[in-house]
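Numbering of the sequence shown is given in the working numbering, commencing with residue 4 and proceeding in unit increments.
Note that CB positions come from ideal geometry on N, CA and C, so glycine has one too.
Values in this document were obtained by computation on a predicted structure and should not be read as measured data.
First comes the structure, then the notes that go with it.
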Amino acid sequence: MSTIETPQPPGNNGLPLLGETLSFAKNPFRFIEERLATHGRIFRSHILGRKAVIVAGPEAAGAFIDPNVIKREGAMPPHVQELFGGRSLPLLDGEVHSARKKLVNQAFNRAALSAYLPIVQQTVETYFHKWPAAGEIRWLDELKRLAIEVICTTVMGMPPGNEMDALRTDYGILTDGFATLPINVPGTRYRKALQARDRILAVLRRLVRERRQTPTNDGLSRMLTAATTSNANLSDDDAALELHHIVIAGFIVYAELGSIVQQLTAHPDVRAKLAAEIASKAPDGPLSIETLMTMPYLLQVVNEVKRLCPIVPAVFGKTKAPLHFDGYSVPAGWMVVWPVTPSHVAQSAYTNPTAFDPDRFSPERAEDKRHEHAFAPQGAGPAMGHRCPGLDFATYIMEVVAVVLLRGYTWELPPQNYEVDFSKTPPEAKDALRARVSAK
4 MSTIETPQPP GNNGLPLLGE TLSFAKNPFR FIEERLATHG RIFRSHILGR
54 KAVIVAGPEA AGAFIDPNVI KREGAMPPHV QELFGGRSLP LLDGEVHSAR
104 KKLVNQAFNR AALSAYLPIV QQTVETYFHK WPAAGEIRWL DELKRLAIEV
154 ICTTVMGMPP GNEMDALRTD YGILTDGFAT LPINVPGTRY RKALQARDRI
204 LAVLRRLVRE RRQTPTNDGL SRMLTAATTS NANLSDDDAA LELHHIVIAG
254 FIVYAELGSI VQQLTAHPDV RAKLAAEIAS KAPDGPLSIE TLMTMPYLLQ
304 VVNEVKRLCP IVPAVFGKTK APLHFDGYSV PAGWMVVWPV TPSHVAQSAY
354 TNPTAFDPDR FSPERAEDKR HEHAFAPQGA GPAMGHRCPG LDFATYIMEV
404 VAVVLLRGYT WELPPQNYEV DFSKTPPEAK DALRARVSAK
């Protein structure tokens, strides 16, 4: 009986040994966009030392999250795995992943997030209070400090101070190593990122030991307590690595905070509508989850910012069985790359997809519901899958920043270079969003 051979996807293996790594590392977003325009929703390449296939769009997400076809263990490029430091949630599969996810989720359940919100609001208000007197600020740099302080105080129970400042610096160095060539020699960005990782993990392991001895109300203590209560296996190293991946994910939210400012600046109609909702529903006082939920337009604005703000270029998997998509077949053992942005601007889901339009998330339009995976800013699939456990926390942080901003401040962005540097993770404007903030 004869069989029909399914062709491999179109594409280019690039240079010997290097493949297309140089083009990918320089600007992975453009690399993917240009090749999708040429080849369609699936193409092959050779990047970061591996045969790779890129599958894009909300339809491809369904294939990418199929655990019978795709695994995460050993899927990331080796240099990225090294920066994560070991086997944390993004690199786990099956029962091991499910058991670990249950523990990590304890740091982000409703009770935990309710406890964090007053800390988030106080931190955000403290930062906004000092900016008017500072004159012109580099807002993205300030938002990096804000993001790391929010994560450190809530998830790690670490107070502001020299140790937190050192962590912020090291996480900046570490994330700078994601989008660079993995050349581990003195002086390179990658070597500096590895050294930053080692310093970070030393601090996190010490924190784990301290919280085992003296639990507090932070996220780490919640994870450790859940492990003890359920007799789950969570070693000091495992806990430190989960903390590490959580801080990485939380730190890069600064880019979305900066995007809130840029979009509200560029769209005064959106700014006015959101300010009116805040003035009506939460003009002052503490912000609880319940209060935030009374402002649907606020969530629409935040979701639209997430949809259009690039954080990471792609998510990585590895075929453990042949992957079939769009009439092509990918053998087992290949790296599979699913870029988020093509789903977020898919014409099959979104009207005028590159326009900033928060009303597309309104109940009347609900464009994000046109396809199951059309909106996946922190991972596609079910909550107990590989979707980020801090999804709701990131949303609340963004909402609090928007509320505090529009409650009490005005701002101006002087003429500057908004060109985006895609060699950074996440990409950011080259002038770091220079601004002057004033109290109302």
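#### Entry: Pairwise C-alpha distance: PRO271 and ARG277
Locating residue 277 in the sequence shown gives position 274, where the first residue counts as 1. Locating residue 271 in the sequence shown gives position 268, where the first residue counts as 1. One detail in the question is off: residue 277 reads as Leu in this sequence, not Arg. Each residue's alpha carbon lies about 10 Å from the other.
### Query
Quick one: what's THR344 bridged to in DSSP?
Residue 344 sits at position 341 when you count from the first residue of the sequence shown. Per DSSP, none; premise fails for THR344.
### Candidates PRO80, TRP414, ILE35 and ALA438: closest to GLY52 by CA position
Looking up residue 52 in the sequence shown gives position 49. If we check each option's Cα against that of GLY52, PRO80 comes out closest.
### Query
Can you pull the DSSP bridge partners for PHE46?
Within the sequence shown, residue 46 is the residue found at index 43, counting from 1. Answer is ILE57.
### Query
Do you know how far the Cα of PRO13 is from the Cα of ASP360?
Numbered from 1 along the sequence shown, position 357 holds the residue referred to as residue 360. Numbered from 1 along the sequence shown, position 10 holds the residue referred to as residue 13. Their Cα atoms are separated by approximately 35 Å.
### Task
Could you check what DSSP says for VAL440 in three-state terms: helix, strand or coil?
Taking the first residue of the sequence shown as 1, we reach residue 440 at position 437. Strand at VAL440.
### Message
Using only CA atoms, which one of PRO189, GLU402 and PRO366 lies nearest to LEU295?
### Response
To locate residue 295, count along the sequence shown from 1; it is residue 292. Nearest of PRO189, GLU402 and PRO366 to LEU295, Cα basis: GLU402.
### Message
Excluding the 5 residues flanking VAL440 on each side, which residues of the same chain have their C-beta closer than 6 Å to its C-beta?
### Response
In the sequence shown, residue 440 corresponds to position 437, counting from 1. TRP134, PRO135, TYR412 and TRP414, listed in sequence order.
### Message
Given a cut-off of 8 Å on the beta-carbon distance, is the pair VAL123 and VAL83 in contact?
### Response
Locating residue 123 in the sequence shown gives position 120, counting from the first residue. Locating residue 83 in the sequence shown gives position 80, counting from the first residue. No.
### Query
What's the call for LYS321, buried or exposed, on a 16-neighbour Cβ count within 10 Å?
Mapped onto the sequence shown, residue 321 falls at position 318. Answer is buried; the Cβ neighbour count reaches 16.
### Sub-8 Å separation of TYR119 and THR157 beta-carbons
Along the sequence shown, one-based indexing puts residue 119 at 116. Along the sequence shown, one-based indexing puts residue 157 at 154. Contact flag set, yes.
### Query
So what's THR294 in DSSP terms, helix, strand or just coil?
Within the sequence shown, residue 294 is the residue found at index 291, counting from 1. Three-state result, THR294: helix.
### Task
Determine, using beta carbons only, whether ALA466 and PRO31 come nearer to each other than 8 Å.
Absent from the model: residue 466. The displayed extent of the chain is 4 to 443, so no value can be given.
### Message
Short of 6 Å in beta carbon distance, which residues of its chain neighbour ILE7, apart from the five on each side in sequence? Order them along the chain.
### Response
Locating residue 7 in the sequence shown gives position 4, counting from the first residue. Because ILE7 sits at a pLDDT of 49, beneath the cut-off of 50, its placement in the model cannot be relied upon, and the following sentence gives the value as read from the coordinates. None.
### Query
Between the C-alpha atoms of LEU95 and GLY138, what's the straight-line distance to the nearest angstrom?
Residue mapping note: residue 95 aligns to position 92 of the sequence shown, counting from 1. Residue mapping note: residue 138 aligns to position 135 of the sequence shown, counting from 1. Their Cα atoms are separated by approximately 46 Å.
### Pairwise C-alpha distance: MET167 and LEU149
Taking the first residue of the sequence shown as 1, we reach residue 149 at position 146. Taking the first residue of the sequence shown as 1, we reach residue 167 at position 164. Whole-angstrom Cα-Cα distance: 11 Å.
### Task
Pick out whichever of LEU92, LEU143 and ARG47 has its Cα sitting closest to the Cα of VAL107.
If you number the sequence shown from 1, residue 107 lands on position 104. Of the candidates LEU92, LEU143 and ARG47, the residue whose Cα lies closest to the Cα of VAL107 is LEU92.
### Task
Measure the C-alpha to C-alpha separation of THR297 and GLU36 and round it to an integer number of angstroms.
Locating residue 297 in the sequence shown gives position 294, counting from the first residue. Locating residue 36 in the sequence shown gives position 33, counting from the first residue. Near 38 Å, if we compare the C-alpha coordinates of GLU36 and THR297.
#### Entry: Contact check, GLU280 vs LEU301, beta carbons under 8 Å
For the purposes of this step, residue 280 is taken as residue 277 along the sequence shown, with counting starting at 1. For the purposes of this step, residue 301 is taken as residue 298 along the sequence shown, with counting starting at 1. Cβ atoms of GLU280 and LEU301: closer than 8 Å.
### Query
For ASP424, which beta-bridge partners are listed by DSSP?
As a working note, residue 424 is residue 421 in the sequence shown. GLU431, per the DSSP bridge assignment.
### Query
So LEU436 and GLN265 are in contact, right, with Cβ under 8 Å, and what is the actual spacing, rounded?
Position 433 of the sequence shown, counting from 1, holds the residue named residue 436. Position 262 of the sequence shown, counting from 1, holds the residue named residue 265. Indeed they touch by this definition, with Cβ atoms about 7 Å apart.
#### Entry: Which listed residue (ASP69, GLN350, ALA442 and ARG141) has its alpha carbon closest to that of TYR421
Within the sequence shown, numbered from 1, the residue matching residue 421 stands at position 418. Of ASP69, GLN350, ALA442 and ARG141, the residue nearest in Cα terms is ARG141.
### Task
Report buried or exposed for ILE45, applying the criterion of at least 16 other Cβ atoms within 10 angstroms of its Cβ.
Position 42 of the sequence shown, counted from the first residue, corresponds to residue 45. Buried, by the Cβ-count rule.
### Message
According to DSSP, simplified to helix, strand and coil, what is LYS321?
### Response
Start at 1 with the first residue of the sequence shown, and residue 321 comes out as number 318. DSSP places LYS321 in strand when its eight states are reduced to three.
### Query
Just how far apart, CA to CA, sit GLN350 and SER365?
Within the sequence shown, numbered from 1, the residue matching residue 350 stands at position 347. Within the sequence shown, numbered from 1, the residue matching residue 365 stands at position 362. Approximately 18 Å between the Cα atoms of the pair.
### Query
Taking the alpha carbon of PRO19 as the point to measure from, which residue in HIS42, HIS49, SER26 and GLY43 has its own alpha carbon closest?
Here residue 19 refers to the residue found at position 16 of the sequence shown. Checked all of HIS42, HIS49, SER26 and GLY43; the closest Cα to PRO19 is HIS49.
### beta strand (DSSP E) segment containing TYR412, residue limits
Residue numbering aside, residue 412 sits at position 409 when the sequence shown is read from its first letter. Where TYR412 is concerned, the enclosing beta strand (DSSP E) stretches over 412-415.
### Query
On the three-state DSSP scale, how would you describe ARG208?
For the purposes of this step, residue 208 is identified with residue 205 of the sequence shown, where counting begins at 1. In the structure shown, ARG208 sits in a helix (DSSP, three-state: H, G or I).
### Query
Taking just the CA atoms, how far does ARG274 sit from LEU143?
Residue mapping note: residue 143 aligns to position 140 of the sequence shown, counting from 1. Residue mapping note: residue 274 aligns to position 271 of the sequence shown, counting from 1. Whole-angstrom Cα-Cα distance: 20 Å.
#### Entry: Option nearest LYS443 by Cα separation, candidates LEU409, ASP424, VAL423 and PRO417
Within the sequence shown, residue 443 is the residue found at index 440, counting from 1. For LYS443, the nearest C-alpha among the options comes from LEU409.
### Task
Give every residue of the same chain whose Cβ lies closer than 7 Å to the Cβ of PRO325, excluding the five residues on either side of it in the sequence, and list them in chain order.
As a working note, residue 325 is residue 322 in the sequence shown. Hits under 7 Å: SER332, VAL333, PRO334 and ALA335.
#### Entry: Pairwise C-alpha distance: HIS132 and ALA317
For the purposes of this step, residue 317 is taken as residue 314 along the sequence shown, with counting starting at 1. For the purposes of this step, residue 132 is taken as residue 129 along the sequence shown, with counting starting at 1. Taking the Cα positions, ALA317 is about 36 Å away from HIS132.
### Message
Taking only three categories from DSSP, how would you classify VAL305?
### Response
Taking the sequence shown and counting its residues from 1, the one referred to as residue 305 is at position 302. Residue state, collapsed to three classes: helix.
### Query
Who does GLY22 pair with in a DSSP beta bridge?
Position 19 of the sequence shown holds residue 22. DSSP, once it has assigned bridges, lists LEU18 as partnering GLY22.
### Three-state secondary structure (DSSP) of ARG373
Within the sequence shown, numbered from 1, the residue matching residue 373 stands at position 370. DSSP places ARG373 in coil when its eight states are reduced to three.
#### Entry: Exposed unless 16 or more other CB atoms sit within 10 angstroms - verdict on LYS372
Stepping through the sequence shown from its first residue, residue 372 is reached at position 369. Exposed, by the Cβ-count rule.
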